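Following: one structure in structure tokens, then a few remarks.
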Amino acid sequence: MKATVFVDVTDPWSYIGATRFTRAAATFTILTGEPVRTTLRAHLLEPDAPSSGRPLMEALAERLGGADKAELLNIRVRGAARITGIDLNFEEAVEANSFDAWRLLTWADEAGPGVQHDLAQQLWRAHLLEGADIGDHGVLATRAALVGLDLETAEALLASTEYGDAVRSQHETSLELGIDQLPAIVVEDEWSITGVHSQHDYVESLDRVRHERDRGGDWSESG
1 MKATVFVDVT DPWSYIGATR FTRAAATFTI LTGEPVRTTL RAHLLEPDAP SSGRPLMEAL
61 AERLGGADKA ELLNIRVRGA ARITGIDLNF EEAVEANSFD AWRLLTWADE AGPGVQHDLA
121 QQLWRAHLLE GADIGDHGVL ATRAALVGLD LETAEALLAS TEYGDAVRSQ HETSLELGID
181 QLPAIVVEDE WSITGVHSQH DYVESLDRVR HERDRGGDWS ESG
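Residue numbering for the sequence shown follows the numbering used here, starting at 1 and increasing by one per position.
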């Protein structure tokens with residue numbers, strides 16, 4: 001089974017949902033014997049966001065229309081993250097542009113099974129737990145090395161424009177699909193699962209897709 005997961009590595013909901021979906025996919029495979037081949041693709045939430053290094057809470061307050069709204073979002077997201085085993089740290093996080101991170105993730109997808117997933121997890125942790133600037137090339141290259149990618153190759157890629165067109169194409173595809181909620185998961189190029197669900201619900205969704213696919217049905221689910 002093929003699953004294309006549209007996310008952004010600056011987005012906590014993407015982090016939570018993608019983490020739950022990965023666990024659900026593993027459970028689904030154990031239960032059914034059918035592997036799920038997951039690929040991450042870019043949906044850039046803030047394509048023009050600067051990698052300014054300013055506090056994320058300050059940027060959110062400006063974007064949402066007030067510090068109180070940013071804090072309410074913080075409380076809501078942190079609650080969902082804790083259930084998933086993720087301890088978000090918005091207070092230390094900084095504003096970042098994810099375009100170069102996605103160039104690196106697109107390259108990582110060519111490196112073998114699981115490498116792209118591992119790098120995405122590194123970038124989410126760096127951005128949302130550790131307060132690192134994932135718009136910084138040094139941070140990106142170091143995280144790539146941590147998942148087994150060649151440091152010098154990563155540095156050279158980031159210094160170039162390589163994979164830029166691919167990232168723009170991924171984002172354009174997400175817009176053409178009408179994606180307005182993350183994560184957005186397209187299964188077998190036809191069935192969609194949008195928003196953050198429980199791990200159990202993701203497993204049930206995958207099983208339902210399997211049955212609908214095998215009988216030629218049509219189905220989608222949104223959060």
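Note that beta-carbon positions come from the ideal geometry of N, C-alpha and C, so glycine has one too. Computed from a prediction, not measured in an experiment: that's the story for all the values here.
Exposure label - residue i; buried when at least 16 CB within 10 Å
i: G233; result: Since the first residue of the chain shown is 1 and the last is 223, residue 233 is not available in this structure.
i: G135; result: buried
i: S160; result: exposed
i: A156; result: exposed
Same chain, Cβ closer than 6 angstroms to residue i, five either side skipped, listed in chain order
i: V209; result: V187, W191
i: A154; result: A141, A144
i: W13; result: L182, V196
i: F6; result: R41, H43, S174, I179, A184
i: S52; result: E95
i: Q170; result: R41, A42
C-alpha distance - residue i paired with residue j, whole-angstrom precision
i: M57; j: A132; result: 14 angstroms
i: L72; j: A61; result: 10 angstroms
i: P50; j: A93; result: 14 angstroms
i: T39; j: G66; result: 36 angstroms
i: R215; j: R23; result: 26 angstroms
i: A101; j: D165; result: 14 angstroms
i: L129; j: P35; result: 30 angstroms
i: T4; j: D68; result: 35 angstroms
i: Q122; j: N97; result: 16 angstroms
i: V167; j: D207; result: 30 angstroms
i: N74; j: L151; result: 34 angstroms
i: L31; j: R76; result: 32 angstroms
i: R37; j: R78; result: 29 angstroms
i: A80; j: S198; result: 10 angstroms
Same chain, Cβ closer than 8 angstroms to residue i, neighbours up to 5 away in sequence not counted
i: T84; result: I16, T19, R20
i: V139; result: A126, A132, D133
i: L119; result: L104, L105, A108, R143, A144, V147, L149
i: H137; result: D100, E155, L158, A159
i: T27; result: Q199, V203
Best match in the options for proximity to residue i [C-alpha to C-alpha]
i: L177; options: A96, D189, D100; result: D189
i: D48; options: P35, R63, L157; result: R63
i: D8; options: W124, S198, D207, E212; result: W124
i: A10; options: L157, S169, E46, V167; result: The sequence shown places Thr at residue 10, rather than the Ala named in the question. Of the candidates L157, S169, E46, V167, the one whose C-alpha sits nearest the C-alpha of T10 is E46.
i: V203; options: M1, H137, A25; result: A25
i: E162; options: F99, E212, F28, H200; result: F99
i: G33; options: M1, P55, A59, L158; result: M1
Close Cβ partners of residue i (< 7 angstroms) along its chain, the five nearest in sequence each way excluded
i: A111; result: L149
i: T70; result: Per the sequence presented here, residue 70 reads as Ala, with Thr not at that position. Answer for A70: M57, L60, A61, L64, listed in chain order.
Minimum Cβ-Cβ distance from residue i to chain B less than 8 angstroms
i: D68; result: Here chain B cannot be found, since the structure has a single protein chain.
Checklist entry - Taking three-plus beta-carbon pairs below 8 angstroms as touching, is the stretch 88-97 in contact with the stretch 112-125? => result no
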